[in-house]
Amino acid sequence: MIDKEITNVFDRRSALFLTGGAILTSVLVLRMLQMQIFNHKSYLKKSENNSFRIQINMPPRGKILSRDGSPISRDTPIYRIYIVPEESDDVDALVDTVAHELNLKEKRVKKIREKIAKQPGFQPVLVSQNTDWSELAKIQAKNLPGLRVASGYSRIYEMGPAGSQFFGYVGEPVKPIAAAPFYTTGITGLEKRYNNDLAGIPGQTVMITNAVGRVTGEDKSQFIEPIPGLDLQTTIHGGAQRVMFDALTTHRAGCGVAMDVENGDILAMVSTPGFDPNQFTSDDGDEYIASLISDVAKPFMNKTVEGLYPPGSTFKIVVALAALESGAISPKQTVFCPGHWDYGDRRYHCWEHHGHGYVDLAGALKHSCDIYFYQLALKIGIDAIKRMAIKLGFTEKFMGDILAREMPGIIPDKKWKEKNTGTQWVNGDTVISGIGQGFILVNCLQLATMLARVVSNKAVKPRLILSDKMPRFSNLNLKEQNIKYVLTGLEEVTKPGGTAAGSAINVDGARMGGKTGTSQVRSISKSERQRGVLTNDQLKWNMRNHGLFVGYAPTNNPKYVVCIITEHSGGSGPAARTAAAVMKELLKSGA
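If you read the sequence shown in the numbering used here, its first letter stands for residue 28, the second for the next number, and so on.
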């Protein structure tokens, strides 16, 4: 009886084992069918990935060139040493060894450890940016797992901070590429706008690896040669660019543009303070960038197109031409300036509180008489002023397809004020518009373009990329006699008694004409005038007036125009002297 029960139990267990075995065998067979037949291609691809390692070979980036072909930004070959954390058995020990062998600073070692802790283990961490042969040979001889050496390129910015806002710089992409750890892309300026042309086309090297991922050879059949990037030639005149930058850096902040009247070529474009992209990859790079970000003078801002300023008395050129073209005045008509003018319930002051006496158009431009232009603006009205301003290029965006964040500025009228302030236009708004104050805001490039259009009587448009094609500008159809009247006054500005007499130049007989400007950034109350207007030394830097100057040369056959703005310099003298230095360079060297 007992034997029979045991036999029954055994039979039941055997049946269970057999059934389970049959099920397990079926699952294994089905899994093998799935792997070998249905998902064969997927697993084959994974197998191939385990057998090969693709290394992206970056080409040299194209150069950014000045108009004479000299490099502004270029690549230079370098050797980089870096750590791949997941390939090392002891990353901390590896960092210690590398730091000792390369004599790395403690700050640099700390950054390396921080990067290792933050980013994925496959992502290489840069240890040395530019290693010489002796250091390279010494550390390679140790054959340290997790340490790699790669040849590549580093970007050199030949002009440093002189124009870095629009030349731009390169940096790492937002999402790193494992197979191309040192791939860089344009971050700002021309480097970003023309990145597709400058970057070139990457190549590849396919490395054969064994089961543990060690490289055992190269599949040369899959090698692809990288194609270098294309060069980009700008209109920049290297000498003028450096002269302008050096002159502007003697002031805390400012900007400037120099142009060729005939073709609109931008010969110099500077915004200060600048920044030096060469320092971004230094050991103190992070601290340097942090100092730039916190600088109230805004070094990352391209003020030539992004900065908006009241044009001050440089705008008197626009008002004078608008009045002459309307027929409202003759150039010989005079206005008496006693230093102030009472209109309505307000007293309007001239910058020269003793007054200029009787002045005609040329005299008003030479001495920059505010009273003359207050009355002239009121006589012709804001609509006539706006029409002329737009004809001369204000509110236009010239670099919108090349430089980001270009600001169009403001040339107000009655509709604009009602829309933007909810109040009606009054005659007082027209009066102060006559001297480039009030709601008017323009950028430096627009001021340079304005003067180029005035001296040529053509719709000059600035360009930054050099081309063999000579642009054809349409005629503005201003009366040549009216232009001559205005230029006669502008020639007087740099002569004895003029507001820029101290900035007169003479280069083999070539002289400069122009117009000074001082734009207020604060209102002066009646009580302050009674007590005595505060001097620049008594004011904080950011409460001082901006200084402006627009100039052209030679006066007998204008070829170049320059606009300089010195922020919070108190007056136009520094701007005029900077313009004179740039104009001398252009007249001496040519463009």
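C-beta: ideal position from N, C-alpha, C; glycine also.
Practice item. Leaving aside the five residues before and after L153 along the sequence, list all residues of the same chain whose C-beta is less than 7 Å from its C-beta, in chain order. Key: R107, Y109
Review point. Alpha carbon to alpha carbon, what distance is there between F307 and I91?
Key: 19 Å
Practice item. Count the other CB atoms, across all protein chains shown, that sit within 10 Å of the CB of N626; report buried if there are 16 or more and exposed otherwise. Key: Because the chain in this structure spans residues 28 to 618, residue 626 falls outside the shown range and cannot be described.
**Study point:** Euclidean distance between Cα positions of A602 and N84
**Key:** 48 Å
Review point. Out of curiosity, what's the CA-to-CA distance linking Q473 and R432?
Key: 14 Å
Exercise for review: Tell me N84's beta-bridge partners as DSSP assigns them.
Suggested key: G230
Review point. Taking the alpha-carbon positions, what's the E128 to A164 distance?
Key: 11 Å
Exercise for review: Take K330 and list the residues in its own chain whose beta-carbon comes closer than 6 Å to its own, dropping the five residues that flank it on each side.
Suggested key: C282, S298
Exercise for review: At 4 residues or longer, and completely inside the segment 312 to 354: list those alpha helix (DSSP H) runs for me, N to C.
Suggested key: 312 to 321, 330 to 333, 343 to 353
Check your understanding: Does the beta-carbon distance from V362 to L403 come in below 9 Å?
Key -> yes
Point to revise | Beta-carbon separation (whole angstroms), A324 vs A280, contact threshold 8 Å | key: 4 Å
Review point. For the beta strand (DSSP E) that contains W378, what are its first and last residues?
Key: Run containing W378: none; DSSP gives neither H nor E here.
Practice item. Return the chain-ordered list of same chain residues with a C-beta closer than 7 Å to the C-beta of A608, the five sequence neighbours on each side being excluded. Key: V270, A274
Review point. Secondary structure at T457, three-state DSSP: helix, strand or coil?
Key: helix
Check your understanding: Roughly how many angstroms separate the alpha carbons of P151 and E113, rounded to a whole number?
Key -> 9 Å
**Study point:** Start-end ranges of the beta strand (DSSP E) lying completely within the segment 119 to 202, minimum 3 residues
**Key:** 152 to 155, 174 to 184
Check your understanding: Would DSSP call K441 helix, strand or coil?
Key -> helix
Review point. For G384, which option in I398, Y375, G371, D372 has the closest C-alpha, if you only look at C-alpha atoms?
Key: I398
**Study point:** Residue burial classification, I462 (beta-carbon count within 10 angstroms, cutoff 16)
**Key:** buried
Point to revise | Cβ-based neighbour list, T515, same chain, cut-off 6 Å, excluding 5 preceding and 5 following | key: A389
Review point. In this structure, does DSSP put N563 in helix, strand or coil?
Key: helix
Review point. Can you tell me whether T277 is buried or exposed, with buried defined as 16 or more other CB within 10 angstroms of its CB?
Key: exposed
Review point. Taking contact to mean at least 3 C-beta pairs separated by less than 8 Å, is the segment 517 to 535 in contact with the segment 408 to 427?
Key: no
Practice item. In the DSSP assignment, find the unbroken alpha helix (DSSP H) run with F27 in it and report its ends. Key: There is no way to answer for residue 27, as the model of the chain reaches only from 28 to 618.
Point to revise | Reduced DSSP category for Q260 - H, G, I as helix; E, B as strand; rest coil | key: strand
Review point. Per DSSP, what kind of secondary structure is K542 in: helix, strand or coil?
Key: strand
Review point. Using the beta-carbon count (16 or more within 10 Å), is T103 buried or exposed?
Key: exposed
Review point. Using the rule of at least 16 other Cβ atoms within 10 Å of the residue's Cβ for burial, across every protein chain shown, is A120 buried or exposed?
Key: exposed
Practice item. Could you name the residues of the same chain whose beta carbon sits closer than 8 Å to that of S596, not counting the 5 residues immediately before and after it, in chain order? Key: H278, G281, R571, N572, H573, G574, A602
Review point. In terms of residue numbering, what span does the alpha helix (DSSP H) encompassing H394 cover?
Key: 388 to 394
Practice item. May I have the straight-line CA-CA distance separating Y196 from I214, to the nearest angstrom? Key: 6 Å
Practice item. With a 10 Å radius around its C-beta and 16 neighbouring C-beta atoms as the bar for buried, classify I293 as buried or exposed. Key: buried
Check your understanding: Is K73 helix, strand or coil by DSSP?
Key -> Residue placement at K73 is poorly supported in this model, since its pLDDT is 46, which falls under 50; the coordinates are not used for a value here.
Review point. What is the residue span of the beta strand (DSSP E) that A580 lies within?
Key: 573 to 580
Practice item. Out of R490, V513, F79, E507, point me to the one whose CA is closest to A651's CA. Key: Outside the displayed span of the chain (28 to 618) sits residue 651, for which this structure offers no information.
Check your understanding: Counting Cβ pairs closer than 8 Å, one from the segment 476 to 492 and one from the segment 353 to 367, do we hit at least three?
Key -> no
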